[in-house]
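Read the structure below first, then the notes.
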Amino acid sequence: MSCQTNGLIEIWGRTLCGKTSLLRKGSLLILLLYIGMAIFAGALAPHDPLQVDVTNRLQPASVEYPLGTDSLGRCVFSRIIHGARNSLLSAAVVLVVTVSVGATIGLVAGFFGGRCDYLVQRLLEGVMAFPGLILALAIAGVLGPGLENAVLALCLVHWVGYARIVRNMTLSLRERTYVQASRIAGASPFDLLRRHILPEVAPAVAVIATLDYGRIIISIAGLSFLGLGAQPPAPEWGAMLSEGKAYMQVAPQLILWPGVMIAGVVLALQLLSESTTRQP
Amino acid sequence: MQKQNNKALWLIACLLIGLLIAGCGAAPAAPPQQIVIGENTDLGGYDPGTTMSPFLRTLIFNSLVELDADFKLVPALAERWTMSPDGKTWTFTLRQGVKFHDGSPLTATVVKQNLERLRQGSGKVWLMDVASVEASSEYIVKVLMNKPSFTFASDLAVPFLSIVGTSGVDAAGKVVKAIGTGPYSLESWQKDQEFVLKRNSSYWGGSAKNEKLVFKVIRDPDSRAMALEAGTVDLISLRQSLTAATRLGGNPKLKMEKRLGQTSEIMFLNVSSPALQDIKVRQAIGHSLNIAKLVPSLLGANAEAGKTFFSPAYGDYVMKSDTALPYDPDRAKQLLAGRPLRLRLAFGAKNAEDSLLAGAIQGELKAVGVTAVLEPLEDAALMDALKKKNYDLIMLGQSFIPHDEPSSHYRRGYYHPTSTFDVYRTPELTVLVDQLFATAEPAERLRLHHRIQETIAGAMPVIVLFHRNNIVAMKQQVMGYKVSVGTWQLYRGLTEAHVKP
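Those protein sequences? They're chains L and R, same order as listed.
At position 24 of the first sequence (counting the first as 1) the number is 23 in numbering that gives the first Met the number 0, and the numbers step up by one without a gap.
At position 440 of the second sequence (counting the first as 1) the number is 439 in numbering that gives the first Met the number 0, and the numbers step up by one without a gap.
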C-alpha cells in the first residue's frame, strides 16, 4: 500500500471516527445521504421521473407526489432523486479526470523542469487567461448541447488548476534533502515521484478536490440551466431550475427543491473541506 | 456675527414666501393623457420594412391598404382602388390632404418611390409580380404587374410595406428616420429600455385619444405581469407568457381581453427524411398526439387546440373539415408496426410555449414507442434547419400569411417550387397553386383554397398544433381598448383607448 492512499485514508478516517467537530460529521452525513440517493434512485423514487401526465400538472405536494408535479405533470420528488444521479455522477467524472490528468501533468512538469515545464506553463497560462465557466460555455456551445459534452467541456477547462498546484508543490519538494538523498542513492525518477513526492502532494489535492467537487456540481447545473448540459426530459437539477423558472409565481416548489438540493450538496462539501484544512 | 445670521434667515424666508406665491399662481398642470405599455420587444429600428418591431409599425406608419381590428381589408392611404379585369393593372387613388410627421404631403410620387425602394429590397417577396409603378397624377398610382395578380391589394396590407416620408430615407435608400403618416410619431427611444410615441394631431383618421404612448421594454413575461400588478404599467400583452393569464385572472384590479388571432403554431414533418418518408409513419404521429387535450391544459387561455389548416380567423378561406387526425394511440402503433423510430424534434429554445409543448409531445410519442430527441435551437439555427431540411419534426409559427388572404402561404411560403422553404412539393400541388394565382372569380378561388389545403393535409407534411389567442391584460381603468385579430395590429386599438383618471 502506497503512502498516497494512506494519506487519503487518514483524512477521511479522521473525519469518520476520531475526535471530529460536529460540523464535519454533519456535512459528511449530508454527503452520504446524497450519495445514497444517487445510488438507490430507482428504489427510492415513487414514480417514473419521465412520465408525462398533462392533466396532473403543477400539483402541490401530496401523498402521491411528495413535492408536487412540474409543468408536464411529472413527479418532482422522483426527478430530484434521479437528478442526484445525473449531477453527482457527472461531476465525479469531471473530478476524477481533471485530478488525474492535472496532477500527472503537474508532477511531470515540476519534477523534470526545463523545456517540458516551460511548455506546460505556457499552456496553463493560455487556458487560465479565460474565465473558466465562460470557456466551458464556449466549448460546450461548439460541441453542441448534451450532458456528455458539458462534462467534456468542464474537463478541458478544469484540469489546469490541479496542474498548477501540483507543479508548484513538486518544484519545492524535489529540492528537499531527503529527495536529493534518495536520488543520489540511485532511485529512479518514477520511484522518487511515487514514494516521496506524490504522498506529500496528495493530501493537499484531496482537500482542494473536495471543495472543487461542489464547484463542478454548480458548473454542470449552470450549463444545464443555460440549456447546454442535460437535455430534456433528463432530470437534472440545473435543467429543472430552468424549466421551473417560468412557473416561479404559481408553483414555487419547482425552483425551490432543485435549488435546495444544489445548495445543500455544495454547502456540505464546502464545510467538509474547510474543517479538513482547519483541523490538523 | 449674529446680525449676519439674521440676514440670511430673512433671505431664506423671503425666498420661501416667493416660492409659495409662485406655486399658487400657476394652475396645476393636467397630467398628460398617456398609456404605459409593458412590451416584450424593443422598437428595434426606424425601418418598418426590416428593423422596426412588427407590433409598432401600424402605430407610426400606414400602408396603402390596411387590415382593421376585425381582419377586414380597409382603405388607408389609398382611398379606393380598382383592378383591371385581367388582373395586370391596379390603380390606387390616394387620400388627399394626408401629411407625414415632418409636414410633407403624401403624393403619388412618394408612393411610387416607396414601392420602387421596397421592390428592390425588403419587400421583394411581396412585390415580386410588380413590373412597374407609375404616378399618373398627383393622387393616382398605377401598378403594372408581370402576370395576373388578383390579390395585390391584400398583399399591400402587410405592415412591412408601409409608406415612409421622403425625409426619412437617405440617398442609398435606407430608412434612417421614422417618418410616417400614422396616428403617432416617435418622440424618443432609449434602446432596450423605453420608447415614447407622441400623438400626431394632424392624423388623417382623426386624432388619437392619448397624447402619449410610453412603451417600457420588459422582456421577461413574469416581470411584465408583475409590473402590471404593481401598477407601473397600464397594459401588457400576454404573448409568450405561460402563467400570467392564470395569475392575473383573479386580480380584481385588472381585466383581460382575449380574441382568437390569425397565427397558428405548426409542426412540419420532414417528408424527405428516411424515417418519415412513409406516409403511414406520419399518420401514426398524427394519431399519437392528443392535441385537443395537450393544448388547453398546457397553454390555457393563450391558445386553442389546432384543428383547421389555418386559424379559424381566416373565415371562408379555411377548409371546414379538421386537419387534425383523431387521437388514437392504438391506430398509431398499428401503423408503425413495431418499427423502432427515433426522431429529432427541433423548436425555438426561446419559445416558452413550444418548449413546453415539445416536452409533452415527446411524452406522447414515447407512449407509442417513438423516441423523440428534443433539439432546442436559437432562432437563426431554427430557420437554418428549416431551410436545409435538417430536421425530422420542427415546430414554428405558421408564416407568410400576414394579411387576410392566405394564398401567399402556399406559394411564397412552403408548398411551391418558388417557395422560400421547401416543405412539401408535388406537381399536382404546383398546378393547383398556379391555378389559384391565375383565377379571379372569388367562389372558384375559395374552392381552390380548400382543394390545396385538402391536398396538403392528406399528405401529412404538417400538423397544426395550436391557434394563438391575442390576449392583453390591463388595469380596470383602461377603457375602450379593442384587441385585434391580426397579430401585428395588436396595438392599433391603443388609439381608441384611454385611462380613466
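In this text, a Cβ means the ideal position worked out from N, Cα and C, and glycines have one as well.
- When the five nearest sequence neighbours on each side are left out, the beta carbons in the same chain lying within less than 6 Å of the beta carbon of L/V96 are those of C154, in order along the chain.
- When the alpha-carbon of R/I455 is set against those of R/A323, R/Y313 and R/S296, the nearest one is in R/A323.
- For L/M36 and R/R410, the gap between their C-alpha atoms comes out near 57 Å.
- When C-alpha distances from R/L288 are compared across R/K71, R/V109 and R/F465, the shortest belongs to R/F465.
- Here R/L435 is near R/R444, since their CB atoms are less than 8 Å apart.
- The beta carbon of L/W158 is closer than 6 Å to those of T97, V100 and G101 in its chain, skipping five residues each way along the sequence.
- For the region 203-273 of chain L, the full-length alpha helix (DSSP H) segments reaching 4 residues or more read 236-243 along the chain.
- Think of a sphere of 7 Å around the beta carbon of R/A359: the chain L residues whose beta carbon falls inside it are V51, V53 and L71, in chain order.
- For L/L155, the uninterrupted alpha helix (DSSP H) run begins and ends at L146 to L172, by DSSP.
- When only Cα atoms are considered, L/F224 and R/L114 end up about 47 Å apart.
- Here DSSP, grouped into helix, strand and coil, assigns R/E377 to coil.
- In this structure, the alpha-carbon of L/V92 lies about 11 Å from that of L/L146.
- The beta carbons of R/K211 and R/R198 sit closer together than 8 Å.
- Considering only beta carbons, the part of the region 241-264 of chain L lying closer than 7 Å to chain R consists of A245, Y246, M247, Q248 and V249, in chain order.
- Taking C-beta separations shorter than 8 Å and ignoring five residues to either side along the sequence, the partners of R/S166 in its chain run F99, D101, S103, K176 and I178, following chain order.
- DSSP places R/P441 in the uninterrupted alpha helix (DSSP H) bounded by P441 to A458.
- DSSP links R/G167 through a beta bridge to no other residue.
- Within chain R, the residues placing a beta-carbon under 9 Å from that of L/Q230 are V372, L373, E374 and P375, ordered along the chain.
- For R/M478, the number of other beta carbons within 10 angstroms of its own is below 16, and it is reported as exposed.
- Non-local C-beta neighbours of R/G96 in its own chain, meaning closer than 8 Å and more than five positions away in sequence, comprise P104 and W203, ordered along the chain.
- DSSP, reduced to helix, strand and coil, places R/R198 within a strand of the structure shown.
- Beta bridge pairing from DSSP links R/H497 with R/M478.
- Positions of the beta strand (DSSP E) runs, each at least 3 residues long and wholly inside the region 120-199 of chain R, are given as 129-136, 139-144, 183-189 and 193-198 in order along the chain.
- Residue pairing from DSSP leaves R/W487 without any beta-bridge partner.
- Taking the Cα positions, L/L66 is about 10 Å away from L/R73.
- For L/G226, the nearest CB of chain R lies under 8 Å from its own CB, placing it at the interface with that chain.
- Fewer than three pairs of CB atoms, one per stretch, sit closer than 8 Å, so the region 394-410 of chain R makes no contact with the region 281-300 of chain R.
- Neighbours of R/S222 in chain L, taken as residues at a C-beta separation under 7 Å, are lacking, since the least C-beta distance is about 10 Å.
- Beta-bridge partners assigned by DSSP to R/Q33: R/K211.
- For chain L, the residues of the region 239-257 of chain R that bring a beta carbon within less than 7 Å of one of its beta carbons are L241, T242, T245 and R246, in chain order.
- Listed by position along chain L, the residues whose Cβ is nearer than 8 Å to that of R/K292 are V53 and T54.
- DSSP places R/M394 in the strand class (E or B) of the three-state scheme.
- The CB of R/S296 comes closer than 7 Å to the CB of V53, T54 and R56 in chain L, given here in chain order.
- With contacts defined as CB atoms closer than 8 Å, R/T180 and R/L72 fail to qualify as a contacting pair.
- The three-state secondary structure of R/E404, taken from DSSP, is coil.
- Under the Cβ distance rule, R/L435 does not count among the residues neighbouring chain L, no pair being separated by less than 8 Å.
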